[in-house]
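Everything below concerns the one structure shown next.
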Amino acid sequence: MNHADKFVTNLDWNLLRTFVVIVEEGGITAAATRLLRRQPTVSVALGRLEAQIGSRLIERGGGAFRLTSAGRELYRECTEIYGSISRLADLTQSATKELTGHVEILLASHVVTPILDQTLVDFHRAYPEVSFEIRIETSRNVLRGVLEKTAPFGICLLNRRLAKLEYERIYREHFGFFCGPPHPLYGRRNLDISDLRGCAGVSFETDSMDDALRPVAIFRRDNDLDHNIVGRSTHLEEVRRLISCGLGIGPLPIHVVRQDLENGTLWRLPPYENPPAVDIYVVTNPASRLSRAEGKFLSALKAQIAAKTLADRTYDGLSPLGFSPKPVGPVQAQ
3 MNHADKFVTN
13 LDWNLLRTFV
23 VIVEEGGITA
33 AATRLLRRQP
43 TVSVALGRLE
53 AQIGSRLIER
63 GGGAFRLTSA
73 GRELYRECTE
83 IYGSISRLAD
93 LTQSATKELT
103 GHVEILLASH
113 VVTPILDQTL
123 VDFHRAYPEV
133 SFEIRIETSR
143 NVLRGVLEKT
153 APFGICLLNR
163 RLAKLEYERI
173 YREHFGFFCG
183 PPHPLYGRRN
193 LDISDLRGCA
203 GVSFETDSMD
213 DALRPVAIFR
223 RDNDLDHNIV
233 GRSTHLEEVR
243 RLISCGLGIG
253 PLPIHVVRQD
263 LENGTLWRLP
273 PYENPPAVDI
283 YVVTNPASRL
293 SRAEGKFLSA
303 LKAQIAAKTL
313 ADRTYDGLSP
323 LGFSPKPVGP
333 VQAQ
């Protein structure tokens, strides 16, 4: 038996799982909580794995927690291994007609489009045994998850394109600026952009020149609205809460907050014409191996995208936005 065979034979694969959880949780104590084990047990498991690997995987002590180069390489391989293992069950049903399985969607927080909604409606009708999980992350984390193959695909905003990934635009949305009832500008009409200068602001964590909401950041900079930010969040719901509570003015996708405008919890501010435009993409990794359920759902989503022109997929907040509960181009069971 050569060295590689001996290593595979003697390796405790449960140690790899423990290592992955330690990295994902950012520490041994948090990993122990997730694994329902005692902290010393998890620490010993890490030590055993390092002994079997023959390299230190994590620099720890004195409050520090940092992956070594060997640790980074092992974690990358582990995500590949567990991605393959999680899809083993799917292989056993490949010859059956009825599709089962699980689809995980990594999603930026303010993705609102009937294209995704209609795909979910049609897909569930065609394959009711498939389950779904939607995880909300920042656009940067969505890209990271798809790149590292911890997610089959993602839907997010983009600031820059990573060469190893593929992108297809789902829709374009426009960001307006808004305030809430407690704000001095609430209810005032025919305002000018100059009326917004000096007002406290709230925004998204990604509202910066080097992140996903770069078009919004450019607009604020060019119009001298990029100072005195008093509140931020990664989630649209919380940015909307900060705005409606009167902490400051802030940007939101116009089509998403139409109901808030109608019920008076938000008030539209300048610019009234040509607001910043942001594109939302479905992101995939050609190197990822998708399960049957994941592959079919992704194909269904892309078919919904292809069925509409970009003009029909551009939301300015003025035209109707919704979808019929009746299937549009239903997925055909195979």
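Throughout, this note's numbering is defined as the position within the sequence shown, counted from one, plus 2. We treat Cβ as the ideally placed atom computed from N, Cα and C, and that holds for glycine.
Problem - Exposure label - G56; buried when at least 16 CB within 10 Å - result: exposed
Exercise for the section: Taking only runs that begin and end inside the segment 191-248, name each unbroken alpha helix (DSSP H) of 4 or more residues, in chain order. Expected result: 216-224, 238-246
Handout entry: the segment 283-300 in contact with the segment 148-155 per 3-pair CB rule at 8 Å
Key = yes
Handout entry: Assigned exposure category for V333 - 16 Cβ within 10 Å defines buried
Key = Reliability fails at V333, whose pLDDT of 43 lies under 50, so the model's placement of it is uncertain and the value that follows must be treated cautiously. V333 comes out buried.
Handout entry: Enclosing alpha helix (DSSP H) for S141 [first to last residue]
Key = 141-149
Handout entry: Distance, P130 Cα to D124 Cα
Key = 10 Å
Exercise for the section: Figure out for me which residue from I195, V105, C247 has the closest Cα to the Cα of R223. Expected result: I195
Handout entry: Buried versus exposed, by CB contacts within 10 Å (16 or more), I136
Key = exposed
Handout entry: Those residues which DSSP pairs with P253 across a bridge
Key = F179
Practice task
Can you check DSSP and say which residues form a bridge with S45?
Solution key: For S45, which the question treats as bridged, DSSP gives no partner whatsoever.
Practice task
Over the uninterrupted alpha helix (DSSP H) stretch that includes V25, give me the two end residues.
Solution key: 15-27
Practice task
Run the CB neighbour count on W15, radius 10 Å, all protein chains shown included, and call it buried at 16 or more, exposed below.
Solution key: exposed
Exercise for the section: Leaving aside the five residues before and after F67 along the sequence, list all residues of the same chain whose C-beta is less than 8 Å from its C-beta, in chain order. Expected result: G28, G29, I60, E61
Handout entry: With 16 other Cβ atoms within 10 Å as the buried cut-off, status of L38
Key = exposed
Practice task
Quick one: grab the DSSP three-state call for V131.
Solution key: Here residue 131 is Glu; the residue named in the question, Val, does not match the sequence. Coil at E131, not helix or strand.
Handout entry: Contact the segment 195-212 vs the segment 228-245: 3+ CB pairs below 8 Å
Key = yes
Handout entry: Assigned exposure category for Q306 - 16 Cβ within 10 Å defines buried
Key = buried
Handout entry: Identity of the residue in A279, L268, L300 nearest V241 by Cα
Key = L268
Exercise for the section: Output yes or no for whether 8 Å exceeds the beta carbon distance between D318 and H176. Expected result: yes
Exercise for the section: Just confirm the distance between the C-beta atoms of V132 and G103, as a whole number of angstroms; I'd bet it's less than 8 Å. Expected result: 6 Å
Exercise for the section: Check whether the Cβ atoms of A214 and N143 lie closer than 8 Å to each other. Expected result: no
Handout entry: Beta carbon of T115 nearer than 8 Å to that of Y77
Key = no
Practice task
Tell me whether Y317 sits in a helix, a strand or coil according to DSSP, three-state version.
Solution key: strand
Problem - Option in R270, R294, I24 with minimal Cα separation from H185 - result: R270
Problem - Same chain, Cβ closer than 6 Å to F21, five either side skipped, listed in chain order - result: L51
Problem - Start-to-end residues for the alpha helix (DSSP H) that takes in A153 - result: Looking at the DSSP string, A153 is not in any alpha helix (DSSP H), and its letter there is neither H nor E.
Handout entry: Interface flag, K310 vs chain C, CB-CB below 8 Å
Key = The chain labelled as chain C is not found in the depicted structure, where only one protein chain is given.
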